[in-house]
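Enquirer: Residue numbers for the sequence shown follow the numbering used here, so the first one is 66 and each next one is one higher.
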Amino acid sequence: MRTDVGAIGLSTILDDPGGAVIALDFDGTLAPIVADPSAAWIDPGAPAALIRLAGQVNRVAIITGRPPSTAIALGDTPAGPDLIDVPNLLILGHYGLERWEGGEVVAPPHPAGLELVRNELPALLASLGPEADGVKIEDKGRAVAVHTRNCADPDAVLDELREPVAQLAERAGLVVEPGRKVLELRGPGMDKGRALRELLTETSARSVMFIGDDLGDLAAFAAVAEADIPGVRVCSGSAEVTELAENADLVVDGPPGVVALLETLGKSITSRDQ
């Protein structure tokens with residue numbers, strides 16, 4: 066553990082697991098970052114680790130920019146169990162706008178400005194010429210993401226897109242969420258920090274752990290730091306994003322490291338109960 070605050074948070078979770086909320090991002094945390102977002106399958110060991118924890122702690126939640134249905138679909142594993150098998154699982158999708166529990170989704174209407182984005186984004190990309198070859202548009206229903214990972218120079222194309230995408234988002238009444246080789250246009254008014262704070266209040270949590278990997282998770286890290294309960298901020302580390310690691314109490318090595326942490330946490334809680 067890198068910080069005293071994190072050590073206190075972890076100790077509190079182990080001493081009082083029934084008061085703990087364990088919240089996680091999906092992409093880059095439970096599943097690897099891959100060139101094709103539709104192929105970002107969950108780490109095979111993650112569902113089993115989450116199933117064990119779900120029976121020990123107050124609540125297990127996934128807070129993701131994905132639609133909950135996509136997280137569930139990508140939560141299938143070759144030999145089971147699957148993500149959908151985690152008992153009492155809560156998925157807050159689209160940064161908290163969509164709430165999935167037991168197969169039911171509650172959500173507000175889609176932002177009207179997305180139609181403008183869908184209509185104008187292809188022409189915007191075409192205006193960049195050959196350098197934009199490889200750019201992928203991902204329509205998430207409530208958001209539209211522009212991925213540059215498959216471009217010859219993904220960082221240069223991402224930088225070239227920042228201003229025109231920001232201008233398009235402003236005209237559409239949306240906000241831009243930057244990430245790992247991606248710019249996402251989505252509705253305003255919700256982020257992972259607000260979603261986590263509301264969850265902590267709802268569950269009367271006495272401790273919290275949040276695990277993420279990208280810039281969108283900084284808001285959740287801030288929510289942990291500002292909460293009036295012990296907490297642990299965990300970064301699923303990568304060479305692409307360093308800012309999150311700089312604000313973390315603990316850094317693990319990508320999704321395999323996250324799964325190892327979850328397994329260790331579950332085993333430690335079990336050993337204390339015996």
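Backbone N, C-alpha and C fix where the C-beta goes; we use that ideal spot for every residue, glycine too.
Per DSSP, what kind of secondary structure is Pro143 in: helix, strand or coil?
Expert: As a working note, residue 143 is residue 78 in the sequence shown. Residue state, collapsed to three classes: coil.
Enquirer: Given a threshold of 16 other Cβ atoms within 10 Å of its Cβ, counted over all protein chains shown, does Asn153 qualify as buried or as exposed?
Expert: One-based indexing of the sequence shown puts residue 153 at position 88. Under this definition Asn153 is an exposed residue.
Enquirer: CB-CB under 6 Å to Ala138, same chain, minus the five flanking residues each way: which ones, in chain order?
Expert: The residue labelled residue 138 in the question sits at position 73 within the sequence shown. The answer is none, since no qualifying residue turns up.
Enquirer: Whose C-alpha, out of Gly254, Leu239 and Leu309, is nearest the C-alpha of Arg245?
Expert: Stepping through the sequence shown from its first residue, residue 245 is reached at position 180. Comparing Cα-Cα distances from Arg245 to each of Gly254, Leu239 and Leu309, the minimum goes to Leu309.
Enquirer: Are the CB atoms of Val316 and Gly296 within a distance shorter than 7 Å?
Expert: On the sequence shown, position 231 is the one that residue 296 refers to. On the sequence shown, position 251 is the one that residue 316 refers to. No. Outside cutoff.
Enquirer: Name, in chain order, the residues that DSSP records as bridge partners for Ala343.
Expert: Nothing about residue 343 can be read from this structure; the chain reaches only from 66 to 339.
Enquirer: Could you give the first and the last residue of the continuous alpha helix (DSSP H) run that contains Ala191?
Expert: In the sequence shown, counting from the first residue as 1, residue 191 sits at position 126. Residues Leu179 to Ala191.
Enquirer: For Met274, which residues does DSSP report across the bridge?
Expert: As a first step, residue 274 is located in the sequence shown; it is residue number 209 there, counting from the start. Answer is Ile87 and Val297.
Enquirer: Can you give the beta carbon distance from Arg236 to Leu181, rounded, assuming they're within the 8 Å contact cut?
Expert: Taking the sequence shown and counting its residues from 1, one reaches residue 236 at position 171. Taking the sequence shown and counting its residues from 1, one reaches residue 181 at position 116. With a Cβ gap of about 7 Å, Arg236 and Leu181 count as contacting.
Enquirer: Would you list the residues sitting across from Glu163 in a DSSP beta bridge?
Expert: On the sequence shown, residue 163 is found 98 positions in, with the first residue counted as 1. BP columns for Glu163 point to Gly158.
Enquirer: May I ask you to list the residues that DSSP assigns as paired with Asp92?
Expert: Numbered from its first residue, the sequence shown carries residue 92 at position 27. BP columns for Asp92 point to Ala96.
Enquirer: Ordered along the chain, which non-local residues of its own chain (more than five positions away) have a Cβ less than 6 Å from that of Pro97?
Expert: As a position in the sequence shown, residue 97 is number 32, starting the count at 1. The answer, listed in chain order, is Pro320.
Enquirer: Should Ile87 and Leu148 be called a contact, given that it needs their Cβ atoms to be closer than 7 Å?
Expert: On the sequence shown, position 22 is the one that residue 87 refers to. On the sequence shown, position 83 is the one that residue 148 refers to. Cβ atoms of Ile87 and Leu148: not closer than 7 Å.
Enquirer: May I ask you to check if the CB of Ala210 is nearer than 6 Å to at least one heavy atom of the ligand ADP?
Expert: Looking for the ligand ADP in the displayed structure turns up nothing, as the structure carries no ligands at all.
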